[in-house]
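From first to last, the protein sequence lines stand for chains U and Y. In terms of our numbering, the first sequence opens at residue 41 and continues consecutively. In terms of our numbering, the second sequence opens at residue 511 and continues consecutively. For each residue, glycine too, the CB sits at the ideal point set by N, CA and C.
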Amino acid sequence: MSHATIHHGVDLCDVDTLRDVMTRHDAFAERVFTPDERAYCERYPDPVPHYAARFAAKEATLKALGIGLTPFGVDRALQDIELVRRGRAPALRLAGRPARAARALGVFSRAVSISHEGERALASVVMLAEAPE
Amino acid sequence: MANTLVTRDKIEAEVRAALAATLRIEPETIDMDTSVVNGLQATSIDFLDINFRLESAFGVQVQTQLLLDHVEEQLGDGKAIDANNQITEAAASLLKLYFGEIEGIKAGMYADEIPMLVTPKIIADGMERILEHLPDTCQDCGASEWKTEDGAKVVCGACGAEAQYPDGDTLVTEWIQQVEAEHKLFAGA
Numbered sequence: 041m042s043h044a045t046i047h048h049g050v051d052l053c054d055v056d057t058l059r060d061v062m063t064r065h066d067a068f069a070e071r072v073f074t075p076d077e078r079a080y081c082e083r084y085p086d087p088v089p090h091y092a093a094r095f096a097a098k099e100a101t102l103k104a105l106g107i108g109l110t111p112f113g114v115d116r117a118l119q120d121i122e123l124v125r126r127g128r129a130p131a132l133r134l135a136g137r138p139a140r141a142a143r144a145l146g147v148f149s150r151a152v153s154i155s156h157e158g159e160r161a162l163a164s165v166v167m168l169a170e171a172p173e
Numbered sequence: 511m512a513n514t515l516v517t518r519d520k521i522e523a524e525v526r527a528a529l530a531a532t533l534r535i536e537p538e539t540i541d542m543d544t545s546v547v548n549g550l551q552a553t554s555i556d557f558l559d560i561n562f563r564l565e566s567a568f569g570v571q572v573q574t575q576l577l578l579d580h581v582e583e584q585l586g587d588g589k590a591i592d593a594n595n596q597i598t599e600a601a602a603s604l605l606k607l608y609f610g611e612i613e614g615i616k617a618g619m620y621a622d623e624i625p626m627l628v629t630p631k632i633i634a635d636g637m638e639r640i641l642e643h644l645p646d647t648c649q650d651c652g653a654s655e656w657k658t659e660d661g662a663k664v665v666c667g668a669c670g671a672e673a674q675y676p677d678g679d680t681l682v683t684e685w686i687q688q689v690e691a692e693h694k695l696f697a698g699a
């Protein structure tokens, strides 16, 4: 019988904090979110809660993978984690450093769930990886 | 050319100002050697806010990934960070060359512990590395008459264009290549 290890990350994003930062810096959305993520969020009258859910998903993914953002720099890892839609269900697309980290861990399956209500957005990411020998 | 228009004092003042504005604290209370994450309690959204503020203040583009991720990108997976997410001997040596002898850098530490080591001083060092690469001449008109009104953003005295510095990623990439050519930290790793 084969065994797997579970990697879990969860993150909560404050919608008002994100709104303030996005208002202050015009380039924020372009540097942090992918074109498809921006197109999805901008369909809504108030896109910020949707951006917040995606930001939480990126953070939760980084936590599940055990990688941290650089405090000095606008980390491209955020662009390399994309929340995509498969029907109504969200899924994760990884590239760059997050994809390398997932390969190194032996991740073979992953799931993401997001929610937002009021001033909070939440994301939870679960990854299954091959158990170390 | 050497950038004599933007001083170290000004860089540190702008770093303090960015941290203070984002974290809603008084600039003079910031210890330049404290951890931005553990000491000043900055979150990831705060990191982004701080970096956007600094980019805007100095007219630069900072790096977009960790030093060790540049190493992995250039030299291959596993050279700096192993399968357990721990940093290699060579990576620890490289970090010491980059950051100086700050406490806590050692082989075997987890890669996600590295951001905890970043201090306001390290952020100022990073800005200084970019700012010292002021081009000899204006990229728009070719004049060499740089000036600054506020001590942070440098503009061309002839045409008014903002100085175009190399971006942080380009400089980190070049630095790694120079260090590896000289020290061969990763050659046998």
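- The straight-line gap separating the alpha-carbon atoms of Y/D635 and Y/A531 is approximately 20 Å.
- Approximately 12 Å separates the beta-carbon atoms of Y/V570 and Y/I633; this is outside 8 Å, ruling out the contact.
- When DSSP assignments are scanned along the region 566 to 647 of chain Y, the uninterrupted stretches of alpha helix (DSSP H) that are 4 or more residues long and fall wholly within it turn out to be 577 to 585, 599 to 609, 624 to 627, 630 to 641.
- Taking Y/K631 as the centre and dropping the five residues before and after it, the same chain places the C-beta of M542, D543 closer than 7 Å to its C-beta, in chain order.
- Take U/P89, set aside five residues on each side of it, and the residues of its chain with a beta-carbon closer than 7 Å to its own are V55, H156, A161, in chain order.
- In the displayed model, U/F68 falls within a helix according to three-state DSSP.
- In this structure, Y/D559 and U/V61 form a Cβ contact; the two beta carbons are roughly 5 Å apart against a cut-off of 8 Å.
- In summary, U/L52 is exposed, with fewer than 16 beta-carbon neighbours lying within 10 Å of its beta-carbon over all protein chains present.
- Counting along the chain, Y/I521 sits inside the alpha helix (DSSP H) bounded by residues 518 to 533.
- One alpha carbon belongs to U/H48, the other to Y/V689, and they sit about 37 Å apart.
- Along the region 537 to 564 of chain Y, the positions whose C-beta sits under 7 Å from a C-beta of chain U are V546, V547, A552, S554, I555, F557, L558, D559, N561, F562, read in chain order.
- Collapsing the DSSP output to three states places U/C81 in a helix.
- Taken atom to atom, the span from the alpha-carbon of Y/P645 to that of Y/R518 is near 18 Å.
- No Cβ-Cβ contact shorter than 8 Å links Y/L604 with Y/G614.
- Boundaries for U/E170: no alpha helix (DSSP H) harbours it, while the beta strand (DSSP E) harbouring it runs 160 to 170, taken from the DSSP string.
- By the rule that beta-carbons nearer than 8 Å mark a contact, Y/T598 does not touch chain U.
- Of the residues assessed, U/Y91 falls on the buried side of the cut-off, its CB having 16 or more other CB atoms within 10 angstroms.
- Counting along the chain, the unbroken alpha helix (DSSP H) around Y/I686 starts and ends at 678 to 693.
- Distances from the alpha-carbon of Y/L576 to those of Y/T683, Y/Q687, Y/L695 put Y/T683 closest.
- The C-beta of Y/A593 comes closer than 8 Å to at least one C-beta of chain U.
- Taken through DSSP and simplified to helix, strand or coil, Y/E655 comes out as coil.
- Interface residue (Cβ-Cβ distance to chain Y less than 8 Å): U/I107 is classified as such.
- DSSP places Y/F557 in the helix class (H, G or I) of the three-state scheme.
- In the assembly as shown, U/Y84 is an exposed residue. Its beta-carbon has fewer than 16 other beta-carbons within 10 Å.
- A residue is called buried once 16 or more other Cβ atoms fall within 10 Å of its Cβ, and U/E70, having fewer, is exposed.
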